[in-house]
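Residue numbers (my numbering), protein chains in the order written: chain W, 242 to 825; chain Y, 203 to 329.
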């Protein structure tokens with residue numbers, strides 16, 4: 242009877258155990274939450290066997306076990322990791338584990354752990370449960386160990402599923418983040434393609450970095466070729482930290498040699514100061530294999546560290562932005578150049594209007610002049626001004642230098658001469674005043690070579706002053722060439738200079754050619770000068786020709802151009818011709 | 203070009219911004235301007251309602267990052283509500299839920315401001 246009752250009780254117990262195992266397997270397999278699974282795994286045996294302390298561990302991919310849940314044990318164990326060199330697949334009393342293969346044994350014993358229950362899937366140990374002793378003080382019976390064995394086998398599968406699910410979630414999240422990063426880069430790229438001003442591009446960069454990295458501290462540093470430092474983006478709420486960063490000029494220059502993004506750590510002495518000021522990552526912004534700018538990033542508000550993936554993203558973004566900034570710079574440069582060209586064109590048209598467009602028709606004498614500027618505006622000047630008494634003023638000048646400066650000085654010369662012509666002064670006095678005017682208004686390196694002449698068509702007398710200009714050639718009908726050299730120093734060099742007046746009488750068949758050095762200094766592809774001899778030869782030929790002065794002028798200028806061939810014209814070319822007709 | 207609009211609504215101390223359309227690198231400066239405007243007016247208790255927002259990019263989120271410290275230093279906050287699952291996913295991916303109060307309904311955001319007000323008043327009373 243007694244035996245029958247005791248075996249019935251045993252059966253009852255057995256069925257309760259089985260029921261709880263079935264129930265457990267249902268609960269566990271329904272859950273994909275590793276913590277919930279482990280919680281059940283601890284609480285069920287603790288309740289059934291009156292155990293007051295336990296912990297659940299899960300294995301990482303290296304088989305090292307990390308504490309995941311603690312019951313009745315100090316929370317300070319949460320970071321603890323264990324390894325068991327000794328492979329065991331069934332619940333084992335800690336006391337029975339060989340001492341030499343489990344170096345954590347004394348530590349676990351000190352915590353009051355008596356039993357270790359491995360949770361094994363067919364391939365590996367997924368986790369482990371550790372339990373303290375029973376509060377009844379009785380040892381674990383073989384039946385209880387057998388129960389824990391069945392229990393841990395069921396739980397191991399559930400745990401493995403849960404862990405796998407969890408890692409899938411992590412992988413999925415990382416994948417999601419990657420997709421989002423790509424979307425961001427795609428969208429930003431699209432936006433940058435249409436952004437044509439710098440401010441806008443910088444705003445896109447700033448917003449994108451801050452949003453993607455959850456950071457609100459961001460500095461962009463541009464390092465120029467001459468090591469000048471600029472800060473297009475300065476977003477750093479802590480003023481004192483910011484000042485400390487900006488004070489580290491040398492450090493920043495040394496960072497500009499970085500060619501890949503990196504984290505800053507407190508351990509590196511070179512970057513310690515920046516680290517202490519709150520900088521956590523440095524991202525070079527590169528263009529054509531060259532670091533042109535840097536991004537300094539502060540701590541992320543999400544408290545996460547910058548991962549390699551983040552640095553990769555920031556580098557890609559930074560380089561993409563650098564391309565856009567460069568495009569904007571080139572675009573601005575082109576605009577600026579275009580604006581300058583437009584202004585030069587205006588200056589050129591003004592200057593061209595200062596030159597004579599009509600020439601007086603005189604009895605027996607033809608006058609014609611031509612100016613061909615080199616790079617739009619230049620410093621050559623010539624003039625032909627009929628005076629009220631019938632005389633004609635002829636002038637040719639060459640202002641030093643090129644471009645707008647020379648053009649301005651040339652227009653000054655033009656105005657000065659036209660004003661002084663009203664004064665009725667003798668010509669050498671007039672040139673002296675003109676010299677003083679130019680001298681006062683220019684630096685010593687700006688000067689003008691100037692030839693001034695007055696021709697009386699009646700007497701055919703030509704009186705002139707040559708202020709350091711290439712001497713005009715006067716070709717007589719016999720082919721001999723005289724140079725008109727009388728005068729004095731070039732204009733604008735010294736104050737209060739005296740000028741001598743030269744005088745020649747023009748005769749029938751004479752040809753006078755006044756020119757600027759653009760003619761004689763023209764070079765050919767062999768780097769030879771056109772020079773005075775070639776010009777003299779042309780003048781001689783022209784003097785014998787029946788062509789009109791304007792045709793001769795054009796012909797000579799064309800000869801100079803042909804000489805230079807495809808080479809660009811280096812200097813302004815000016816030629817003024819006076820042809821005295823043969824007596825008929 | 204996708205459009206983005208902000209509708210502002212002031213209720214006592216609170217300013218509610220109703221965003222609609224596309225908030226991306228292109229439209230982010232508009233939101234930044236609006237937040238700057240509120241900050242200039244000294245209005246720092248801001249609720250952003252995302253109910254009608256169709257899209258947000260990192261640049262859009264960056265605007266909130268750039269202003270949050272200023273707003274909080276003024277004893278205010280930016281609270282967010284009524285995000286569609288698609289919008290919330292982006293915020294969640296980048297870790298925003300730990301940094302900002304993101305709630306379902308606008309009324310909850312209003313309550314959050316109110317309860318903070320009460321607790322800081324109690325602190326004042328004790329002091």
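Every residue gets a Cβ at the ideal spot worked out from N, C-alpha and C, and that includes glycine.
The structure presented is a predicted model; accordingly, all values stated were derived computationally and were not measured.
Asked: Proximal chain Y residues relative to residue 418 of chain W, where beta-carbon distance stays under 7 Å; Found: 295
Asked: Buried/exposed call for residue 328 of chain Y, threshold 16 Cβ in 10 Å; Found: With a pLDDT of 48 at residue 328 of chain Y, under the threshold of 50, the predicted position of this residue should be treated as unreliable, though the coordinate-derived value follows. Flag for residue 328 of chain Y reads exposed.
Asked: The stretch 299-306 of chain W / the stretch 373-381 of chain W touching (three or more Cβ pairs under 8 Å); Found: no
Asked: Residue nearest to residue 515 of chain W in terms of C-alpha spacing, selected from W:262, W:677, W:494; Found: W:494
Asked: Residues bridged to residue 222 of chain Y (per DSSP); Found: Y:207, Y:254
Asked: Cutoff 7 Å; reference residue 652 of chain W; Cβ partners in own chain excluding five residues on either side; Found: 592, 595
Asked: Segment contact flag, the stretch 480-500 of chain W with the stretch 559-579 of chain W, C-beta cutoff 8 Å, min 3 pairs; Found: no
Asked: Alpha carbon of residue 228 of chain Y to alpha carbon of residue 445 of chain W, nearest angstrom; Found: 8 Å
Asked: Per-residue contacts from residue 147 of chain Y into chain W (C-beta, under 8 Å); Found: Since the displayed chain Y opens at 203 and closes at 329, residue 147 of chain Y lies outside it and no answer follows.
Asked: is_contact[residue 329 of chain Y, chain W] using C-beta, thresh 8 Å; Found: The predicted position of residue 329 of chain Y is uncertain, since its pLDDT is 44 and thus under 50; no value can be drawn from it.
Asked: Near the ligand COA: residue 613 of chain W beta-carbon under 7 Å from a heavy atom; Found: In terms of ligand content, the structure shown is empty, and the ligand COA therefore cannot be addressed.
Asked: Exposure of residue 453 of chain W, with buried meaning 16 or more beta-carbon neighbours within 10 Å; Found: buried
Asked: Separation of residue 344 of chain W from residue 404 of chain W, as counted between CA atoms; Found: 27 Å
Asked: Amino acids of chain Y, ordered along the chain, whose beta-carbon sits closer than 9 Å to that of residue 545 of chain W; Found: 297
Asked: Same chain, Cβ closer than 7 Å to residue 428 of chain W, five either side skipped, listed in chain order; Found: none
Asked: Residue 289 of chain Y - partner residues in DSSP beta bridges; Found: None, per the DSSP bridge assignment.
Asked: Minimum Cβ-Cβ distance from residue 316 of chain Y to chain W less than 8 Å; Found: no
Asked: Every unbroken beta strand (DSSP E) inside the stretch 461-514 of chain W [3 residues or more]; Found: 470-476
Asked: For residue 217 of chain Y, the three-state DSSP class (helix, strand or coil); Found: strand
Asked: Validate contact between the stretch 448-464 of chain W and the stretch 538-550 of chain W using beta carbons, cut 8 Å, 3 pairs; Found: yes
Asked: In DSSP terms, what residue 372 of chain W is bridged to; Found: W:295, W:356
Asked: C-beta contact flag for residue 701 of chain W and residue 746 of chain W at 8 Å; Found: yes
Asked: Selection from W:329, W:328, W:331, W:295 that minimises the alpha carbon distance to residue 315 of chain W; Found: W:295
Asked: Pair within 8 Å by beta-carbon distance, residue 461 of chain W and residue 400 of chain W; Found: no
Asked: contact_flag[the stretch 807-818 of chain W, the stretch 791-799 of chain W] where n(CB pairs < 8 Å) is 3 or more; Found: yes
Asked: Limits of the alpha helix (DSSP H) - the one that residue 573 of chain W falls within; Found: 549-595
Asked: Contact under 8 Å by Cβ, residue 251 of chain Y with residue 224 of chain Y; Found: no
Asked: Closest residue to residue 324 of chain W among W:442, W:331, W:304, W:334 (Cα-Cα distance); Found: W:304
Asked: Below-8 Å beta-carbon distance, residue 432 of chain W vs any chain Y residue; Found: yes
Asked: At least three beta-carbon pairs within less than 8 Å, the stretch 628-645 of chain W to the stretch 763-779 of chain W; Found: no
Asked: Within 8 Å of chain W by C-beta, residues of the stretch 249-273 of chain Y in sequence order; Found: 259, 260, 261, 262, 263, 264, 265, 266, 267, 268, 270, 271, 272
Asked: Chain-ordered neighbours of residue 568 of chain W on chain Y, where CB pairs are closer than 9 Å; Found: Those do not exist, as residue 568 of chain W stays about 17 Å from chain Y at its closest Cβ, beyond 9 Å.
Asked: Proximity to residue 284 of chain Y [Cα-Cα], best of Y:240, Y:230, Y:249, Y:242; Found: Y:249
Asked: Buried/exposed call for residue 257 of chain W, threshold 16 Cβ in 10 Å; Found: exposed
Asked: Residue 444 of chain W at chain Y interface by Cβ criterion, 8 Å; Found: yes
Asked: Terminal residues of the beta strand (DSSP E) in which residue 609 of chain W lies; Found: 606-613
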